[in-house]
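First to last, the sequence lines map onto chains A and B.
Quick note on numbering: our numbering labels position 105 of the first sequence as 87, and the sequence is numbered without any gaps.
Each position in the second sequence, counted from 1, maps to that position plus 39 in our numbering.
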Amino acid sequence: MDAAAAYKCTGLQERFTVLKSAVEPFAASKEPPFVARAISEQMELYKLQNELEQVSKVPWADLSVSDTIYKCLTSGYPKKASDVQSLFKVPDRRFWWIKIRATADTGNWIELEKF
Amino acid sequence: MSTSTAYLSNGALNLNVLRDFCRRDLLDCIDSTPPGKKVLIMDEQLVGPLGLIAEYSLLKEHGVEKLFLLTSGRIDTEISNVIFITRPKALLMERIASVVRQHHNDGQRKDYHVFFAPRKTLMCERILETEGVLGDLVLGEYQLDILPYDSDLLSLEMENSFRECNLDGDPTSLFYVARSIMKLQTVYGIIPQIVGKGPHAKHVAEMMLRLRRELATSASASSAPELSVSPEIDTILLIDRTIDLVTPLCTQLTYEGLLDESFSIEHSFVTLNADITGNKDGKKTKVPLNSSDRIFSEIRDLNFAAVGPLLSSRAKSISQQYDERHDAKTVGQIKDFIGKLPTIQAEHQSLRIHTNIAEQIMKRTRDAAFLKTLETEQAFLCSVDTDKTSDYIEDLIGKKADLSLVLRLIALQSLTNGGFKPKVLDYYRREILHTYGMEQLVTLANLEKTGLLRKSDGKSSYPSLRKALRLVVEDVNQITPNDISYTFSGYAPISVRLVEAFARSGWRGMEEVLRLLPGPTFEELQMLPPGVQPRRANARSADGANAASAAGGAGKVTLVFFVGGCSYAEVAAIRFLAKQQEGRDYIIATTHMLTGGSMLQSVVEPLENRLVSAVPARQ
């Protein structure tokens, strides 16, 4: 499977290329679009994480969508967290769980009280 | 032989005979090397299985001076006779080669024997050849396959069998199953009736019939030892794990089942911390779990709810036994008491350990998350709300709970619902990828390939199966059970329901149920060799090993063989059947013991993710 091959690449650029080639046959085939969509989403996510790295100067690459939201919330980018939510259509239920975890982990008890 | 394995002869078959057979094979391998001092270098994974067969003192008697593990380091020894026992794995071949080269570089010349357990493969020979050491080695095989765990339980110890058969398309383990049945037939006689259900089970049956035909046509047929043994096993029932994926996904609720899920049992041993064993030096201890421990054999198969009361009543009786010393007045009475003391002390120690284990398990089972998980499982088993996404599973994902727990519940839901509608399937898949990372895409594909997760084709066989086999039992009695469903507090394993039904009337009348399960149903008869009589009830009563079954009359023995693994709760359920069914005993064999967790772990794809970030991590 090409997705597995992609993870063997250690460089982001390299990995991008493999993923791109992985998504093409899926897009062309009549197979359900799930895998193709997942891979495209992942490329979106890499782009977004790249931007966050420029701004924050710390590594973000390869966090999952949920972990990216969590990190946004715990390292002071709450606005970005909402962006990620809407970009990846994260259901509210999951988003709130992440928010609860983030709030609890940063010891923001006053905020937690409001839930 | 030491008395430590006496318990193996207490079952319907004397499994010590099989153990002796495996020992003899091992010693033959060692004795086939030049006489004198030897070193034995063992594949780490084989230490547990070999420990069940031969103790160190025995190896010593056969010249083994030192044992090493086949790890990646140096192995320094004066002794020139080196024996390797190893599984046929590429990595291990490289290690063997590096040991040989190391000795060579040190200017030492040694004799090397490599015994492959259970079988030499072409690939291994090639690797040894390319490594340039093949010429220095004498290659052989050690047929290490089926091992006695207990008086009624055998295992092949092939943890990867489920994955290999259902995901990698590698049926090698099925060949070992067939060969191990041949070995059992050599020791216990031809098994007249071969029945089973499922694709891999059928494959095994075909292979063993073929092996038997080959044996019969070969020149040595007349001297084959099985021909003179009168059959001790009447029927072998081959159960393919793929016909019942539901059962392993449910939380086992017997003591041994929960013990395995919480502490993980390896080769019938459990490794415990000092706080549980009361070990004074603070080290971890390996505790054997078998029927030679009276306390453990009393509680292992009980529903966990019944364990506490039993332990406390045993505690009382042990303390009474200690108190008997006050009544001992005469020298004779005191002597009597001293004589009983070792037994009382051993039971006391076992009671302490199992009380501590039970306490740990109790903590877990009282946890809200455990109860909620159980409740969700039971709802799925009753076909409640299986067709939509479960709030509880969503919450688990939101909390980023252990992935194998999440997958276990989703797989159970998928199986009880006959697959998911595309919308539900995609929702779960997306939630998992978003939370646990895109790399889980491969794991999801593996789940689909093994049938643990799938798209619905509109119909589900589970509800009919549930009714026909009475899988869900409402009025279950956990303390004094009257049905196998006590093992899961109200759910009866599909696998063991089949065993139960087969014992009642064979496959006849079950056609409809069997059609609901995947793969072929089969039934074959093996002709007994001329002159061999079917086993009589009194055939073994002479050794007194199983007076009960001899007295019971027929004393029929069924071997239930799980192809692809089985759980301790299923073993408990079969033992329960054995107690209920007059005149029938069961021996259970399996490719390996499993839990839902270990089954899922085996299909999770281990991906090495080594992305180097553009921004270095700040320390």
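Cβ atoms here follow ideal geometry from the backbone N, Cα and C, with glycine treated the same way.
In its own chain, which residues sit with a C-beta less than 7 Å from the C-beta of residue i, not counting the 5 before and 5 after it?
i, result
"Leu206 (chain B)", "Asn485, Lys488, Thr489, Val642"
"Arg403 (chain B)", "Ser301, Phe409"
"Gln479 (chain B)", "Ile471, Leu472"
"Ala590 (chain B)", "Note that Ala590 (chain B) scores 38 on pLDDT, short of 50, meaning its location in the model is unreliable; the coordinates nonetheless yield the value given after this. Same-chain partners within the cutoff: there are none."
"Val610 (chain B)", "Leu192, Ile627"
"Val47 (chain A)", "Leu27, Val66, Phe70, Val72"
"Leu66 (chain B)", "His101"
"Glu562 (chain B)", "Val234, Trp546"
"Tyr525 (chain B)", "Asn342, Val515, Asn516, Gln517"
Could you pull the start and end residues of the alpha helix (DSSP H) that residue i belongs to?
i, result
"Lys159 (chain B)", "Per DSSP, Lys159 (chain B) belongs to no alpha helix (DSSP H) and is neither H nor E."
"Phe527 (chain B)", "Careful: Phe527 (chain B) lies outside any alpha helix (DSSP H) and carries neither H nor E."
"Val56 (chain B)", "54 to 70"
"Phe615 (chain B)", "607 to 619"
"Lys99 (chain B)", "95 to 100"
Say whether chain A places a C-beta atom closer than 7 Å to the C-beta of residue i.
i, result
"Gly490 (chain B)", "no"
"Glu477 (chain B)", "According to the sequence displayed, residue 477 (chain B) carries Met and not Glu. Yes, Met477 (chain B) counts as interfacial toward chain A."
"Glu433 (chain B)", "yes"
"Lys427 (chain B)", "no"
"Thr526 (chain B)", "no"
"Leu254 (chain B)", "no"
"Thr169 (chain B)", "no"
"Asp465 (chain B)", "yes"
"Leu486 (chain B)", "no"
"Thr474 (chain B)", "yes"
7 Å is my cut-off, CB to CB: does residue i come that close to chain B?
i, result
"Leu34 (chain A)", "no"
"Ala86 (chain A)", "no"
"Ser48 (chain A)", "yes"
"Ala20 (chain A)", "yes"
"Glu93 (chain A)", "no"
"Asn90 (chain A)", "no"
"Gln67 (chain A)", "no"
"Gln(-5) (chain A)", "no"
"Phe16 (chain A)", "yes"
"Val0 (chain A)", "no"
At a CB-CB cut-off below 8 Å, which residues of chain C make contact with residue i?
i, result
"Ile80 (chain A)", "Of the chains in the structure shown, none is chain C; the protein chains are A and B."
Tell me which residue opens and which closes the beta strand (DSSP E) that residue i is part of.
i, result
"Met81 (chain B)", "77 to 81"
"Ile627 (chain B)", "623 to 629"
"Tyr188 (chain B)", "186 to 189"
"Tyr46 (chain B)", "Taken as a continuous stretch (DSSP letters only), Tyr46 (chain B) belongs to no beta strand (DSSP E), as it is neither H nor E."
"Ser194 (chain B)", "192 to 194"
"His152 (chain B)", "150 to 155"
"Ile275 (chain B)", "274 to 279"
"Gly558 (chain B)", "Where Gly558 (chain B) is concerned, there is no enclosing beta strand (DSSP E), given that its DSSP letter is neither H nor E."
"Gln36 (chain A)", "Unbroken run through Gln36 (chain A) is the alpha helix (DSSP H), 16 to 38; no beta strand (DSSP E)."
Whose C-beta lies closer than 8 Å to the C-beta of residue i among residues of the same chain, with five residues either side of it excluded?
i, result
"Ile392 (chain B)", "Leu311, Ile315, Thr316, Gly317, Val326"
"Gln147 (chain B)", "Ser119"
Give a yes or no on whether the C-beta atoms belonging to residue i and residue j are separated by under 7 Å.
i, j, result
"Ala612 (chain B)", "Ile533 (chain B)", "no"
"Leu25 (chain B)", "Leu555 (chain B)", "As shown, chain B starts at 40 and ends at 658. That puts residue 25 (chain B) outside it, with no answer to give."
"Gln517 (chain B)", "Ala344 (chain B)", "yes"
"Asp82 (chain B)", "Thr125 (chain B)", "yes"
"Asp465 (chain B)", "Phe77 (chain A)", "no"
"Pro238 (chain B)", "Gly458 (chain B)", "no"
"Val177 (chain B)", "His152 (chain B)", "yes"
"Leu49 (chain B)", "Ser194 (chain B)", "Reading the sequence as shown, one finds Asn at residue 49 (chain B) and not Leu. The answer is no: Cβ separation not under 7 Å."
"Glu170 (chain B)", "Ala136 (chain B)", "yes"
"Leu703 (chain B)", "Pro187 (chain B)", "Absent from the structure is residue 703 (chain B), since the part of chain B shown begins at 40 and ends at 658."
"Gly529 (chain B)", "Pro287 (chain B)", "no"
"Pro210 (chain B)", "Cys163 (chain B)", "no"
"Phe214 (chain B)", "Gly179 (chain B)", "no"
Short of 6 Å in beta carbon distance, which residues of its chain neighbour residue i, apart from the five on each side in sequence? Order them along the chain.
i, result
"Phe527 (chain B)", "Cys289, Leu292"
"Ile220 (chain B)", "Met247"
"Leu79 (chain B)", "Val103, Leu106, Ile122"
"Ala581 (chain B)", "Because Ala581 (chain B) sits at a pLDDT of 40, beneath the cut-off of 50, its placement in the model cannot be relied upon, and the point is left open."
"Ala252 (chain B)", "In the sequence on display, residue 252 (chain B) carries Arg and not Ala. Nothing listed; no residue qualifies."
"Arg62 (chain B)", "Ile92, Ala93"
Does the beta-carbon of residue i, which I'm using as the reference point, lie nearer than 6 Å to any heavy atom of the ligand GDP?
i, result
"Ala617 (chain B)", "In the structure shown, the ligand GDP is absent, as is every other ligand, since no ligand is present at all."
### Query
What alpha helix (DSSP H) runs, 4 residues minimum, are completely inside the stretch 348 to 386 of chain B?
none
### Message
So within the stretch 298 to 341 of chain B, which uninterrupted beta strand (DSSP E) runs reach at least 3 residues, ignoring any that extend past its ends?
### Response
308 to 311, 324 to 327
### Length-filtered (4 minimum) alpha helix (DSSP H) runs lying within the stretch 388 to 454 of chain B
407 to 420, 430 to 437
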